[in-house]
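Just so you know, the protein sequences line up as chains A and B, in that order. Under this note's numbering, think of the first position of the first sequence as 26, with each following residue one higher. Under this note's numbering, think of the first position of the second sequence as 26, with each following residue one higher. Virtual Cβ for every residue (Gly too), placed ideally from N, Cα, C. What follows is a set of notes on a single structure, which appears directly below.
2 protein chains.
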Amino acid sequence: MSITIKDIAKYAGVSYSTVSKALRNSPLVKEPTKKKIIKIAEELGYQPNVVARSLVQKKSYTIGVVWPTVERVAPSVLITQINYLLESHSYTTLLSINKPESAIATFNRFQVDAILVFGENEEDFNPAKNYASSVPILYYGISKNTDYLTIDVNRRLAIKLAVQYLKKIGHEQIAYIGDMSSTDPLQKEKFIGYLEALNELSLAVKPEMIISTNGLELYDGYLAAKSLWHAGDDQVTALVCGSYDLTRGILRAAQEQKKRIPDDLSIISYDNIPQVENLDVRISKVGVPIDRIAKAITKTILNIIDGNDVQSSIILEPELKVMDSCAPLNK
Amino acid sequence: MSITIKDIAKYAGVSYSTVSKALRNSPLVKEPTKKKIIKIAEELGYQPNVVARSLVQKKSYTIGVVWPTVERVAPSVLITQINYLLESHSYTTLLSINKPESAIATFNRFQVDAILVFGENEEDFNPAKNYASSVPILYYGISKNTDYLTIDVNRRLAIKLAVQYLKKIGHEQIAYIGDMSSTDPLQKEKFIGYLEALNELSLAVKPEMIISTNGLELYDGYLAAKSLWHAGDDQVTALVCGSYDLTRGILRAAQEQKKRIPDDLSIISYDNIPQVENLDVRISKVGVPIDRIAKAITKTILNIIDGNDVQSSIILEPELKVMDSCAPLNK
DNA sequence: TTGTACGCGTTATCAT
DNA sequence: ATGATAACGCGTACAA
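Here it is, written out as structure tokens:
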């Protein structure tokens with residue numbers, strides 16, 4: 026049985042409405058009384074009951090996050106940052122790992138102020154289902170065009186930027202390593218970016234320079250890099266890689282094969298996260314910086330809650346950051 | 026603005042308390058009225074307001090899970106199962122990725138019925154801090170002995186079982202691959218189990234047969250296995266491995282080195298999860314089966330909520346499941 | 001069988 | 001500056 030403002034009131038010899046005001050730091054309470062009440066509250070270990078508060082305020086200062094794939098490591102950095110940013114705006118973040126439909130229902134019953142849905146493999150996900158929700162929902166990482174509020178990053182353009190830059194510094198034999206095996210449309214987007222870029226730059230598409238991995242783990246990248254070189258053709262001078270973990274694997278393979286970076290091979294990695302620069306070689310990276318994504322999502326959520334107008338479909342544009350892993354090609 | 030039982034009452038031409046009873050399937054309401062009310066509720070898309078309900082019932086039918094390490098893949102299967110089991114008991118699971126202290130405070134304000142804390146690297150975690158909580162807390166994966174309610178698996182015995190079995194079928198050169206580099210006490214426990222088993226069986230401890238990885242990823246296992254064989258000593262006839270992902274890497278390395286399993290090498294892997302059997306070779310595994318852990322945790326939580334007596338420190342004992350990856354040693 | 005009234009803990013409005 | 005009181009949505013004892 027936790028203690029309430031009424032307990033504090035009895036203790037302090039004031040009415041409980043005064044306690045409420047004091048704890049909310051209202052100017053309608055005299056300084057000394059306020060001090061006294063706050064002190065008592067602390068002593069008793071008072072914890073405001075959010076349930077009662079949100080009942081009267083119709084606001085819970087809580088954001089529900091639908092997180093159906095705990096298994097996937099990728100967006101975890103993102104959710105961590107969003108959690109932090111929202112906290113600094115005194116919002117609490119709660120996650121549900123249920124299926125979107127039931128998670129959204131849960132959050133509705135909990136009267137959260139907004140719901141953030143992380144996209145997953147399309148199979149059991151379909152925003153068109155139009156989940157009944159009186160709470161505004163923001164979707165992230167949904168490739169489909171929908172009538173719903175979405176925010177996402179431009180993966181296609183990211184890879185294009187990488188290819189374009191490599192061409193600009195003289196490379197023409199540019200390989201791509203990424204996961205095209207899965208049904209994940211997000212991965213496909215990147216590959217399309219690669220193909221489009223080659224086309225626009227009038228570079229030939231060579232099948233042996235396209236390696237599809239069977240996953241997004243380090244080892245998958247390691248294998249892919251080895252198979253790229255196994256062909257024995259050392260023509261490849263530059264490489265675009267679809268994710269951070271794959272890049273790590275590629276570096277390991279390069280080390281093993283005594284390939285020097287960037288002397289023998291220039292590399293640009295997708296995933297604009299700080300970790301990329303902490304690898305053995307400071308790798309060039311492309312994509313929307315993760316903190317920019319986190320900020321954009323947080324801001325959008327707060328806007329939605331405040332009833333401000335928001336674009337129904339926000340696309341974040343990628344940035345290329347060139348580090349040590351790229352060198353011009355001298356023929 | 027979501028709709029309430031009052032809206033339904035107006036619509037159905039009854040009082041709202043009748044609606045409340047009908048929706049709770051009370052026998053005090055006539056069947057036809059009940060049917061009618063339920064139908065209307067569905068049509069209007071009524072969602073009971075948990076906030077109001079838990080205020081009056083002092084029960085939210087919600088379990089808070091403190092999940093400070095979204096990044097770690099390991100326990101994600103576990104939380105998924107727990108979530109499912111609790112759901113089938115009509116409890117909702119909510120996660121917080123905040124630090125334990127603030128997550129616990131949050132869940133207290135939300136009046137959850139119980140809190141489940143997943144242990145993490147000890148650094149910023151210390152149950153001795155005695156977080157103020159009027160809600161019962163259950164800790165999982167805390168190695169330290171505390172006064173708090175804990176439930177955990179016996180990792181040390183698990184590895185011992187593996188070593189003992191290998192000895193029984195004739196092996197004497199038994200290697201161990203695991204992560205001893207981190208400060209994670211859970212990993213250390215496993216290693217201690219290995220050493221104790223060797224001692225008890227009067228087997229020599231050979232440093233070259235103990236490979237410490239620098240992580241728990243597939244690639245770490247791959248590297249470890251290679252370095253084990255690189256020593257050129259092919260004396261090792263059996264191997265105990267500290268985790269599922271490491272085992273996957275070891276298998277890859279074995280494939281590459283044309284080592285046959287179990288003919289050239291017997292393997293037992295820690296982590297008693299179904300996935301282990303789906304690898305190229307059906308690997309023997311040891312540990313507490315994940316669904317048994319999930320069931321035990323769920324049951325304990327429900328017991329705590331119902332006010333039943335629970336052991337303050339529950340230890341789950343491991344099982345060894347021998348599959349294709351072990352063969353007797355014929356000298 | 002159905003309706004009325006009260007309380008859960010809090011905030012907000014009005015009166016003192 | 002402080003206190004009394006009505007709401008928020010729901011469940012339940014009690015009255016009808």
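Return the chain-ordered list of same chain residues with a C-beta closer than 6 Å to the C-beta of residue i, the five sequence neighbours on each side being excluded.
| i | result |
| --- | --- |
| residue 250(B) | 275 and 278 |
| residue 139(B) | 88, 161, 326, 329 and 330 |
| residue 300(B) | none |
| residue 158(A) | 129 and 133 |
| residue 263(B) | 191, 196, 199 and 291 |
| residue 187(A) | 265, 293 and 311 |
| residue 349(B) | 306 and 307 |
| residue 347(B) | 309 |
| residue 201(B) | 219, 235 and 265 |
For the alpha helix (DSSP H) that residue i lies in, which residues bound it at each end?
| i | result |
| --- | --- |
| residue 246(B) | 243 to 255 |
| residue 31(A) | 30 to 37 |
| residue 220(B) | 210 to 225 |
| residue 101(B) | 101 to 113 |
| residue 45(B) | 41 to 48 |
| residue 194(A) | Looking at the DSSP string, residue 194(A) is not in any alpha helix (DSSP H), and its letter there is neither H nor E. |
| residue 327(B) | 315 to 330 |
| residue 361(B) | Outside the shown range of chain B, which is 26 to 356, sits residue 361(B), and nothing can be said about it. |
| residue 62(A) | 56 to 69 |
| residue 350(B) | No alpha helix (DSSP H) contains residue 350(B), which DSSP labels as neither H nor E. |
| residue 132(B) | 125 to 134 |
Look at the alpha carbon of residue i and the alpha carbon of residue j, and state the distance between them as a whole number of angstroms.
| i | j | result |
| --- | --- | --- |
| residue 40(B) | residue 28(B) | 15 Å |
| residue 104(A) | residue 127(B) | 17 Å |
| residue 268(B) | residue 203(B) | 7 Å |
| residue 165(A) | residue 209(B) | 34 Å |
| residue 81(B) | residue 63(B) | 22 Å |
| residue 213(B) | residue 282(A) | 34 Å |
| residue 220(B) | residue 183(A) | 51 Å |
| residue 321(A) | residue 46(B) | 45 Å |
| residue 144(B) | residue 122(A) | 19 Å |
| residue 76(B) | residue 237(B) | 50 Å |
Could you tell me which residues DSSP puts in a beta bridge with residue i?
| i | result |
| --- | --- |
| residue 237(B) | 203(B) |
| residue 164(B) | 142(B) and 175(B) |
| residue 263(B) | 199(B) and 291(B) |
| residue 89(A) | 119(A) and 140(A) |
What's the call for residue i, buried or exposed, on a 16-neighbour Cβ count within 10 Å?
| i | result |
| --- | --- |
| residue 177(A) | buried |
| residue 334(B) | exposed |
| residue 239(B) | exposed |
| residue 288(A) | exposed |
| residue 285(A) | exposed |
| residue 74(B) | buried |
| residue 340(B) | exposed |
| residue 49(A) | exposed |
| residue 55(A) | exposed |
| residue 296(A) | buried |
| residue 225(A) | exposed |
| residue 135(A) | buried |
| residue 246(B) | buried |
| residue 35(A) | exposed |
| residue 438(B) | This structure does not reach residue 438(B), given that chain B is present from 26 up to 356, and the question cannot be answered. |
Tell me which residue opens and which closes the beta strand (DSSP E) that residue i is part of.
| i | result |
| --- | --- |
| residue 344(B) | 344 to 346 |
| residue 274(A) | Taken as a continuous stretch (DSSP letters only), residue 274(A) belongs to no beta strand (DSSP E), being part of the alpha helix (DSSP H) at 269 to 281. |
| residue 338(B) | 338 to 341 |
| residue 309(B) | 309 to 312 |
Between residue i and the rest of its own chain, which residues show a CB-CB distance below 7 Å, the 5 nearest in sequence each way excluded?
| i | result |
| --- | --- |
| residue 84(B) | 138 |
| residue 32(A) | 69 |
| residue 193(A) | none |
| residue 298(A) | 102, 269 and 315 |
| residue 217(A) | 181 |
| residue 108(B) | 118 |
| residue 51(B) | none |
Got a sec: does the ligand MN put a non-hydrogen atom nearer than 7 Å to the Cβ of residue i?
| i | result |
| --- | --- |
| residue 162(B) | The ligand MN is not part of this structure, which contains no ligands at all. |
Skipping 5 residues on each side, what residues in its chain have a beta carbon closer than 8 Å to that of residue i?
| i | result |
| --- | --- |
| residue 302(A) | 308, 310 and 348 |
| residue 352(A) | 194, 287, 288 and 291 |
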